[in-house]
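What follows is one structure encoded as structure tokens, with my remarks underneath.
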Amino acid sequence: KMRRIRVCLRHVVKSQIFYWSVITLVFLNTVCVASEHYGQPEWFTEFLKYAEFTFLAIFISEMLIKIFAMGYRTYFTSKFNRFDCIVIVGSAIEVVWAEVKGGSFGISVLRALRLLRIFKLTSYWLSLRNLVRSLLHSMRSIISLLFLLFLFIVIFALLGMQLFGGKFNFQNYHPYTHFDTFPIALITVFQILTGEDWNEVMYLAIESQGGIYGGGMVYCIYFIVLVLFGNYTLLNVFLAIAVDNLANAQELTAADEADEKANEMYDEEDESLGFDERDLEIGAGIDVELTRELDDEEFDEEDSPFGGPKPIVPYSSMFILSPTNPFRCLVHSVVATKYFEMVVMVVICASSISLAAEDPVDDENPRNKILQYFDYCFTGVFACEMLLKLIDQGVILHPGSYCRDFWNVLDGVVVVCALIGFAFSGTSGATGKNLSTIKSLRVLRVLRPLKTIKRIPKLKAVFDCVVNSLKNVFNILIVYFLFQFIFAVIAVQLFKGRFFYCTDRTKRFASECHGQYFVYDSGNYFPRVETREWRLRPFNYDNTLNAMLTLFVVTTSEGWPGIRQNSMDTTFEDQGPQPYYRVEVALFYVMFFIVFPFFFVNIFVALIIITFQEQGEAELSEGDLDKNQKQCIDFALNAKPRSLFMPEDKNSIKYRIWRLVTSTPFEYFIMAMIVLNTLILMMKYHGNSDTYEKVLRIFNTALTAVFTVESILKILAFGVRNYFKDGWNRFDFITVVGSITDALVTEFGGHFVSLGFLRLFRAARLIRLLQQGYTIRILLWTFVQSFKALPYVCLLIGMLFFIYAIVFGNIQLDPTTEINRHNNFQSFFNAVILLFRCATGEAWQEIMMSCNGGKQCSKITVATATSTPTCGSCGGIAYFTSFVFLSSFLMLNLFVAVIMDNFDYLTRDSSILGPHHLDEFIRVWADFDPTATGRIHYSDMYEMLRNIAPPVGFGRKCPYRLAYKHLIRMNMPVADDGTVHFTTTLFALIRESLSIKMRPVEEMDEADEELRQTLRKIWPLKSKKNMIDLVVPPNGDLCFQKLTVGKIYAGLLILENWRARKSGVEFEMIKRRYAATMLLRPAREITTKFGNLLGEVFI
4 KMRRIRVCLR
14 HVVKSQIFYW
24 SVITLVFLNT
34 VCVASEHYGQ
44 PEWFTEFLKY
54 AEFTFLAIFI
64 SEMLIKIFAM
74 GYRTYFTSKF
84 NRFDCIVIVG
94 SAIEVVWAEV
104 KGGSFGISVL
114 RALRLLRIFK
124 LTSYWLSLRN
134 LVRSLLHSMR
144 SIISLLFLLF
154 LFIVIFALLG
164 MQLFGGKFNF
174 QNYHPYTHFD
184 TFPIALITVF
194 QILTGEDWNE
204 VMYLAIESQG
214 GIYGGGMVYC
224 IYFIVLVLFG
234 NYTLLNVFLA
244 IAVDNLANAQ
254 ELTAADEADE
264 KANEMYDEED
274 ESLGFDERDL
284 EIGAGIDVEL
294 TRELDDEEFD
304 EEDSPFGGPK
314 PIVPYSSMFI
324 LSPTNPFRCL
334 VHSVVATKYF
344 EMVVMVVICA
354 SSISLAAEDP
364 VDDENPRNKI
374 LQYFDYCFTG
384 VFACEMLLKL
394 IDQGVILHPG
404 SYCRDFWNVL
414 DGVVVVCALI
424 GFAFSGTSGA
434 TGKNLSTIKS
444 LRVLRVLRPL
454 KTIKRIPKLK
464 AVFDCVVNSL
474 KNVFNILIVY
484 FLFQFIFAVI
494 AVQLFKGRFF
504 YCTDRTKRFA
514 SECHGQYFVY
524 DSGNYFPRVE
534 TREWRLRPFN
544 YDNTLNAMLT
554 LFVVTTSEGW
564 PGIRQNSMDT
574 TFEDQGPQPY
584 YRVEVALFYV
594 MFFIVFPFFF
604 VNIFVALIII
614 TFQEQGEAEL
624 SEGDLDKNQK
634 QCIDFALNAK
644 PRSLFMPEDK
654 NSIKYRIWRL
664 VTSTPFEYFI
674 MAMIVLNTLI
684 LMMKYHGNSD
694 TYEKVLRIFN
704 TALTAVFTVE
714 SILKILAFGV
724 RNYFKDGWNR
734 FDFITVVGSI
744 TDALVTEFGG
754 HFVSLGFLRL
764 FRAARLIRLL
774 QQGYTIRILL
784 WTFVQSFKAL
794 PYVCLLIGML
804 FFIYAIVFGN
814 IQLDPTTEIN
824 RHNNFQSFFN
834 AVILLFRCAT
844 GEAWQEIMMS
854 CNGGKQCSKI
864 TVATATSTPT
874 CGSCGGIAYF
884 TSFVFLSSFL
894 MLNLFVAVIM
904 DNFDYLTRDS
914 SILGPHHLDE
924 FIRVWADFDP
934 TATGRIHYSD
944 MYEMLRNIAP
954 PVGFGRKCPY
964 RLAYKHLIRM
974 NMPVADDGTV
984 HFTTTLFALI
994 RESLSIKMRP
1004 VEEMDEADEE
1014 LRQTLRKIWP
1024 LKSKKNMIDL
1034 VVPPNGDLCF
1044 QKLTVGKIYA
1054 GLLILENWRA
1064 RKSGVEFEMI
1074 KRRYAATMLL
1084 RPAREITTKF
1094 GNLLGEVFI
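The opening position of the sequence shown corresponds to residue 4 in my numbering, with each subsequent residue numbered one higher.
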């Protein structure tokens, strides 16, 4: 009977009803926990108390039922069951402790265990469960890193106490960050590690040690080392762990999956089949959805911005227009033409310019009236576009219809809302509530620039990367939200009702905070009289929503030291602050920083980077070529030999000058002069004597003369046209002209004109050192390549800034807030600058609070209004938090993704040939082909490859037999004069190094043909220029009647093998011939004769 009950309970536990019941209870428990807030009535507090008892009893019952039904061994085999048990036991202890000693810091921390019930969701959500499991698996490495970080902080805190202990006592104030005690020193060092206001602490340290001129500058070394090794190095290890976790989340071992499934369904085969049936149903549903998506994508118009005409949708449009209807065919011919898309693009750009030109402050501005008429025209054009596409594609019922494309739906919404706004303004005179409705509808006009995304393929690729990143980080965002919710609830428990303060800092209670008090300003003998006010700090923890907003601000690392200090100063509810009353709550912020900015934000960034790289790999992997192979081949197809501009007459003076300026000693001399010039620029300081200034000026003039002579000599050696062909020479010439102008202005016009920016040309010479050194050249080349991929990222970020910049407008300027004459939304340019500041994170939270609802409007808006309006918006919080999330966490990280994608060779095997290596081939080829004819002798080619280090060349240490084998595989055709072509050699080198379509000899003809087809497909323009036949010579150029490098070095290899074999045979014959004579002749005579014979053989 007991067994039968357990079987029945096992069915109940694994049923869908039980599953959704548990989820519902978790949701209700979460709502009750989140509803606690400051100032709640007593009955509500009692209700939450008994509700918690009820939920705890239910969850304990759930655990006991599962243990009874599954058996305790099977139950505790699952890690999530063990986790659930720990949460329930901790919740029970917390309830008992709260009854005994409520309101303590320890009970608030223990309450976090109760909040972990939210993660019961993960046991039923596979992808989320995999992510949580991978995060738990990384705990060992994270704990090790945290221990190392703790030691690092302790060491620098102790060192800071020795250097600055008791020194931060200034005459006017005592800063919150100091090194007087060990706990505060730890907090100060941790703040410096986070990078927030670390420079202010450094300035205080310098001032405490005598100031800039009193020897205090030496102590900045402490902070520089702390930031370099702590912030830039140690904290970035969290990013490495985050990337590793992402791989683990996707690759859970099959053994763990099988074990968990066996534990859940260990003895019920019929139950197992039941689960499989549900999986099949889910899979069938997914197949149906995929089929629908494929049907929609079949008629998608994303192939090219102004591509060829698309076929008409083979369905009836609006039930009346068949695919053969003449009117519909006419409309389709108009919509499908490239000129239609061009006109729409021009109108989009003009509409965007019109939006940016509007005056957001004065609605009665004549410019706005004129722009409104333009807006009527633009809306009419977009409405005609929508109507034509509806006639051409149909509405929604069939695949390929208008409303089945996201971009068309976006266009339609914008057009319809604009028309509704015009209707409101025309019928009601735009007064009262209709005015706010009109403005709300007109805000959607800012979405018009998004219409360009679909029409520019590379921009759409970047946008797709952003969308895919959001899809991939969805689980991360869920875990992030759950953890932040847990911390927010704990913060409400710790700090609700404790962030009040009186403007008169001497008063701690609201009952005392009334009347007036004196304020003494520094430098003013007469005090000001102000009224005492009892205020609540803008960032507080009075409820869960406020707590989550405050913690989001802390996540951005902006202004968090002030919030932390306010928390440390809290006392009791409805009381003012007392400095350092609760120092222990700083541990809350340390834990929050470790979980969020150090870990979750890095996981978020890593996912964006990985998504961007994976999408780039997918786009660049075409025709059996991976990304690296395609980039190397593209380099080879576009590369040209570099000319050294060597004069033809080797007996002329021009040739001697050329030999001088291209010699190594001359290069070293110029490098030494550049370093000397830099040192002289560094020697200038404020307050130097006239003699000192004159000596520096003489040195600068002499060095300018040296660089001028260098430019003149190179112009004489190379010729004017050839000199300016080289980018470095153009840079040198501009630097010399700027330096001469600077010297002339300093000497003759220093009192009348100040062109300080010209001194930049002196320092710019230091950039020339970048062309020296193989590794530096690779880094510089890769950095330049990164800029080629950035324009579309910048364009997408520009659209984001454009959309957000037009929304706000007419808040009054107030010098006491962050909305002042320097930062405001009163013009499009000012709004963009302000948003750029928010994207960098500088005091963005203060700007957000200055734009909240209820703020005063600008004087122009008040003067033109019929009543006294208020500006700002309660949606300002959503506006700024969404912008910071999209810009700082998402868009700006695309720059990091692009740069890391180009610098991926830093993290892979350095022996793999990449496009960043190939510039070295061009540089060394120029030494053997100084006139850039594009051909060198095959023997020089072999010597050149021996001079280039791997992975480009063979290197000096490469055995000649191995080098011969490589050349045999390369097998470039040799001309009648014994030369090989530049492009053919480079391509053959890439193909051999990366094994591109390299097969056994009998299959090479077939492989060559396949490679030609692949190259023609990816580079169609190159095939028209016969470049394909140059890089992959036809079989006729490689037949037995034609001479190739492979045949030459195959013959040399055969000859070397024959010589080695012959030497070996004769050596054995000599040994046998004189073996018998060793007993008859003196040893010395035998050795001499034996050595002579060996010498004859090898000679």
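Cβ atoms here follow ideal geometry from the backbone N, Cα and C, with glycine treated the same way.
query: Sequence-distant residues of the same chain with beta carbon closer than 8 Å to Ala-261, five excluded per side; result: In this prediction, Ala-261 scores a pLDDT of 49, lower than 50, which makes its location untrustworthy; the coordinate-derived value is nonetheless stated afterwards. Closer than 8 Å at Cβ, skipping near neighbours: no residue.
query: Cys-332: first and last residue of the uninterrupted alpha helix (DSSP H) it sits in; result: 329 to 338
query: Rounded separation between Cys-11 and Val-29 - CA only; result: 24 Å
query: Residues that DSSP places opposite Pro-976 in a beta bridge; result: Thr-1047
query: Residue(s) in a DSSP beta bridge with Phe-503; result: Leu-539
query: Cβ shell of Trp-23 (< 8 Å), same chain only, five flanking positions each side left out; result: none
query: Identity of the residue in Asp-507, Met-947 and Asp-745 nearest Phe-521 by Cα; result: Asp-507
query: Environment of Tyr-142 [buried if 16+ CB atoms lie within 10 Å]; result: According to the sequence shown, residue 142 is Met rather than Tyr. It is exposed - the Cβ of Met-142 has fewer than 16 other Cβ atoms within 10 Å.
query: From Leu-895, Gln-848, Gly-917 and Phe-710, residue whose alpha carbon lies closest to that of Phe-881; result: Residue identity check: residue 881 is Ala in the sequence provided, not Phe. Per the Cα distances, Gln-848.
query: Delimiting residues of the beta strand (DSSP E) encompassing Tyr-483; result: Careful: Tyr-483 lies outside any beta strand (DSSP E), inside the alpha helix (DSSP H) at 477 to 498.
query: The ligand GTP heavy atom lying under 7 Å from the CB of Ala-842; result: As presented, the structure is devoid of all ligands, the ligand GTP included, so that no description of it is given.
query: Inter-residue spacing [alpha-carbon to alpha-carbon] between Arg-331 and Val-316; result: 10 Å
query: Three-state secondary structure assigned by DSSP to Gln-519; result: strand
query: Top-ranked residue by Cα proximity to Val-586, from Leu-497, Asp-652, Lys-457 and Ser-996; result: Leu-497
query: Assigned exposure category for Cys-797 - 16 Cβ within 10 Å defines buried; result: exposed
query: Alpha carbon of Val-557 to alpha carbon of Asp-200, nearest angstrom; result: 13 Å
query: C-alpha gap between Gly-981 and Leu-237, whole angstroms; result: 57 Å
query: For Val-10, the first and last residue of its enclosing beta strand (DSSP E); result: Careful: Val-10 lies outside any beta strand (DSSP E), inside the alpha helix (DSSP H) at 5 to 16.
query: Which listed residue (Ile-195, Ile-993 and Ile-20) has its alpha carbon closest to that of Asn-631; result: Ile-993
query: Segment limits, alpha helix (DSSP H) that includes Val-983; result: Val-983 -> not in any alpha helix (DSSP H); beta strand (DSSP E) instead, spanning 982 to 984.
query: Coarse secondary structure for Gln-212, derived from DSSP in three states; result: coil
query: Contact under 8 Å by Cβ, Thr-986 with Ala-639; result: yes
query: Per-residue burial, Ser-1 [other beta carbons within 10 Å of its own, 16 or more giving buried]; result: With the chain running from 4 to 1102 in the structure shown, residue 1 is simply not present.
query: Whole-angstrom C-beta distance between Ile-971 and Ala-1053, which should lie under 8 Å; result: 5 Å
query: Assigned exposure category for Ile-806 - 16 Cβ within 10 Å defines buried; result: buried
query: Separation of Phe-502 from Asn-202, as counted between CA atoms; result: 27 Å
query: Buried versus exposed, by CB contacts within 10 Å (16 or more), Asp-1008; result: exposed
query: Thr-191 classed as buried or exposed, judged by whether at least 16 other C-beta atoms fall within 10 angstroms; result: buried
query: Residues near Leu-1055 in its chain [Cβ-Cβ closer than 7 Å; skip 5 each side]; result: Tyr-967
query: Leu-539 versus Lys-69: straight-line alpha-carbon distance, rounded; result: 48 Å
query: Secondary structure of Phe-512, DSSP reduced to three states; result: strand
query: C-beta contact flag for Ile-683 and Phe-702 at 8 Å; result: yes
query: Residues near Tyr-592 by beta carbon distance below 6 Å, same chain, minus five either side; result: Arg-567
query: Ile-939, DSSP secondary structure in three states; result: strand
query: Beta-carbon gap between Leu-893 and Ile-489 smaller than 8 Å; result: no
query: Ser-853 in three-state terms, based on DSSP; result: helix
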